[in-house]
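Asks:
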Amino acid sequence: MWGLVAAGSVFFPGLFLLSKQALKQLMGWSEGDAAVVSTRLVSSIQSIMASSAGCIIITSCRDVIEDRHWLTDAYILFATPYFAYDIYAMFLCYWHKLQVKGHEEAGQSVGSMGAAVIGYLRREFLMVLHHIFMVTFCFPASLGKGDYFQGILFLAELSTPSVSLGKVLIQYKKQHTLLHKVNGVVMLLTFFGCRVLLFPYLYYAYGRYASMPMYQVPLVAPWQCNLGTALLWPLQLYWFMLICRGALRLFTKRSNSPPLTNPDPLLNGKGGNEH
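Read in order, the letters of the sequence shown are residues -22 to -1, 1 to 253 in mature numbering (1 follows the signal peptide of the UniProt record, and there is no 0).
#1: In whole angstroms, what separates the C-alpha of Ile23 from that of Gly206?
#2: In three-state DSSP terms, what is Cys71?
#3: Whole angstroms is fine: what's the gap from Leu(-5)'s alpha carbon to Pro191's?
#4: Find out if the Cβ-Cβ distance for the pair Val15, Leu1 is shorter than 8 Å.
#5: Assign Ala208 to buried or exposed, taking buried as 16 or more other Cβ atoms, counted over all protein chains shown, within 10 Å of its Cβ.
#6: Go to Val146, then tell me how far its alpha helix (DSSP H) extends in each direction, as first and last residue.
#7: Applying the criterion that 16 or more other CB atoms from any shown protein chain within 10 Å of the CB defines a buried residue, is Val43 buried or exposed?
#8: Are Thr17 and Cys71 closer than 8 Å when you measure CB to CB?
#9: To which residues of the same chain is Pro(-10) closer than 7 Å at the C-beta, ignoring the five residues directly before and after it?
#10: Any idea if Lys151 is buried or exposed, counting beta-carbon neighbours within 10 angstroms, 16 or more meaning buried?
#11: For a test of the three-state rule: what should DSSP assign to Ser29, helix, strand or coil?
#12: In this structure, does DSSP put Glu9 in helix, strand or coil?
#13: Tell me which residue opens and which closes the alpha helix (DSSP H) that Tyr187 is part of.
#14: Does the pairing of the segment 217 to 232 with the segment 155 to 164 give three or more beta-carbon distances under 8 Å?
#15: When you compare only the Cα positions, how much space is there between Ser29 and Phe132?
#16: Below 8 Å on the Cβ atoms is my contact criterion, and I expect Leu49 with Ile34 to pass it. Report the Cβ-Cβ distance as a whole number of Å.
#17: Find out if the Cβ-Cβ distance for the pair Val174, Gly185 is shorter than 8 Å.
#18: Asp64 by DSSP, collapsed to three states: which one?
#19: I need the boundaries of the alpha helix (DSSP H) containing Leu133, first residue and last residue.
#20: Please work out which residues of its chain come closer than 7 Å, Cβ to Cβ, to Ser87, disregarding the five sequence neighbours upstream and downstream, and give them in chain order.
#21: Would you call the CB atoms of Val141 and Phe61 closer than 8 Å?
#22: Would you mind reading off the limits of the alpha helix (DSSP H) that contains His47?
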């Protein structure tokens, strides 16, 4: 058990440091640019790993309640340190952004680490709360029966690569490109399918398994499942609303308009990473 946690604690920060150093040496990028892109890269790799694990688990479980797969608990333990690492990595991105002229927040001293932490927590409160909840509640509660449902939850990470790519495109002022628009459509679809519809599907799948109407499932489902859904699903709906608002602004913008200079709400609405 602790070996997997230790492995994750080394893998994700180590991959970040290796990627950042490679971008600085091979591409000649600044510390800030390399840190931001490396953060997105690690997030995308984690999402691919989680989604792949989810697909393996789902296709291996015939009984959605009783069937177990060793990869479920193994990946939960391995990925738990990622969420702690990601909070710190996102703060590094925020800190480097403050060093760039024009990104200083009003009333905040760029050189003050304490003020930067407060500003980061204020701006990314929902993301930080989401990550803490995942580590302290969701992952421990997932260790047990119901591997099929946990595999479904892993698929929520499918939207992360498009979010990460969009943020990199914004970083390099590529909001006006076709790639950014296509990526926005992909993100919209994957986020809706893998995050917004995910929680209703979990209740539908259990209702089908137990031969009961979907609206009765919350009455018999474990309290941990209902609590997790009550806290996480509204966040997904809120973030999806921001994504839709940003997409509307992006696709209704006149083609002859100059490129945007501020972060695009299409991808900035989610704050940090999505998990």
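For each residue, glycine too, the CB sits at the ideal point set by N, CA and C.
Replies: A quick look at the data gives this:
#1: If you number the sequence shown from 1, residue 23 lands on position 45. If you number the sequence shown from 1, residue 206 lands on position 228. Rounded to the nearest angstrom, the two C-alpha atoms are 25 Å apart.
#2: As a working mapping, residue 71 is identified with position 93 in the sequence shown. Of the three classes helix, strand and coil, the one that applies to Cys71 here is helix, per DSSP.
#3: Here the question's residue -5 lines up with position 18 in the sequence shown. Here the question's residue 191 lines up with position 213 in the sequence shown. So the two alpha carbons sit approximately 50 Å from each other.
#4: Numbered from its first residue, the sequence shown carries residue 15 at position 37. Numbered from its first residue, the sequence shown carries residue 1 at position 23. Yes, these two residues count as a Cβ contact at 8 Å.
#5: Residue 208 sits at position 230 when you count from the first residue of the sequence shown. When all chains shown are included, Ala208 counts as exposed.
#6: Translated into positions along the sequence shown, residue 146 becomes position 168. Residues Thr138 to Gln149.
#7: Position 65 of the sequence shown, counting from 1, holds the residue named residue 43. The residue you asked about is not Val; residue 43 is Ile in the sequence shown. So Ile43 ends up on the exposed side.
#8: Reading the sequence shown from its first residue, position 39 is the one you call residue 17. Reading the sequence shown from its first residue, position 93 is the one you call residue 71. Against a cut-off of 8 Å, the Cβ pair of Cys71 and Thr17 comes out as a contact.
#9: In the sequence shown, counting from the first residue as 1, residue -10 sits at position 13. Excluding positions up to five away in sequence, the list reads Tyr63.
#10: Counting from 1 along the sequence shown, the entry for residue 151 is found at position 173. Classification for Lys151: exposed.
#11: Counting from one through the sequence shown, the residue named residue 29 turns up at place 51. In this structure, Ser29 counts as helix in the three-state DSSP scheme.
#12: To locate residue 9, count along the sequence shown from 1; it is residue 31. Helix, per DSSP.
#13: Your numbering for residue 187 matches position 209 in the sequence shown. Segment Leu176 to Ala188, the alpha helix (DSSP H) holding Tyr187.
#14: yes
#15: Locating residue 29 in the sequence shown gives position 51, where the first residue counts as 1. Locating residue 132 in the sequence shown gives position 154, where the first residue counts as 1. The straight-line gap from Cα to Cα measures roughly 5 Å.
#16: Within the sequence shown, the letter at position 71 stands for residue 49. Within the sequence shown, the letter at position 56 stands for residue 34. Right, the Cβ-Cβ distance comes to about 6 Å (below 8 Å), so this counts as a contact.
#17: The residue labelled residue 174 in the question sits at position 196 within the sequence shown. The residue labelled residue 185 in the question sits at position 207 within the sequence shown. Their beta carbons are not under 8 Å apart, which means Val174 does not touch Gly185 by this criterion.
#18: Sequence index remark: in the sequence shown, residue 64 carries index 86 (1-based). Asp64 falls in the helix class under three-state DSSP.
#19: Position 155 of the sequence shown, counted from the first residue, corresponds to residue 133. It is not in any alpha helix (DSSP H) - Leu133 carries neither H nor E in the DSSP assignment.
#20: Along the sequence shown, read from residue 1 onward, the residue named residue 87 stands at position 109. Any answer about Ser87 is weak, because its pLDDT of 48 lies below 50 and its placement is not dependable; what the coordinates show is given next. The residues are Ala93.
#21: For the purposes of this step, residue 141 is identified with residue 163 of the sequence shown, where counting begins at 1. For the purposes of this step, residue 61 is identified with residue 83 of the sequence shown, where counting begins at 1. No.
#22: The residue labelled residue 47 in the question sits at position 69 within the sequence shown. It is not in any alpha helix (DSSP H) - His47 carries neither H nor E in the DSSP assignment.
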